[in-house]
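The numbers in the sequence shown follow UniProt numbering, run straight up by one, and end at 160. Glycine included, each C-beta is placed from N, C-alpha and C at the ideal position. Reading through the structure tokens given below for one structure.
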Amino acid sequence: MTTLDDRNGGGGANDSSTVDVEDPIEVVADFDGSERPRVARVEAALRAVVDPCSGANGSNLDVVEMGLVDDIQVAGDHVIVDLMLTTPACDMVAYFHEAIETHVGDLQGVDTVDVRTDNGFEWTETMMTDAAKRRRDEVRQAYVERHRKKALYRDSSESE
């Protein structure tokens, strides 16, 4: 669902905008000079929130390119971010809340940020951007190659 009236100069403080992040968002059309937060500015701020598991494996994918952001809602100075977890066993929920509240809360015109997470059963790898999938696969391939070289070295030193 996409409501564009907020980005197109729709009226008063009670206007809201909602973007399902599967829809394309044009950052260029986002800022109209007002101090009200916009969906695209929120999405841009969310790109600074790196998924900690991808950070640990070296691919450093943000929550947007991971496909974890299910919905962004902006109503006046209030922002709601619906976030999907990759697994019900995710123990990084507190990190996500803090990081999103910090990055989105730092935007001009944002007074409050709510982060809502799901149960971790909905997300699949197909929700990742193509670029994120490529970067993840490159990191995986580098690990495979490094371990293959270690195994070859180990095998050659054992046969001497």
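Here DSSP, grouped into helix, strand and coil, assigns ASP114 to strand. Membership of VAL104 in the alpha helix (DSSP H) is indicated by the continuous run 93-105. Here the alpha carbon of ALA40 sits roughly 15 Å from the alpha carbon of VAL113.
Relative to the Cα of THR126, the nearest Cα in the group GLY67, GLY105, MET84, ALA48 belongs to GLY67. ASP130 carries a helical assignment under DSSP once its states are collapsed to helix, strand and coil. Around the beta-carbon of SER54, 16 or more other beta-carbon atoms lie within 10 Å, marking it buried. When secondary structure is reduced to three states using DSSP, GLN73 falls in the strand class.
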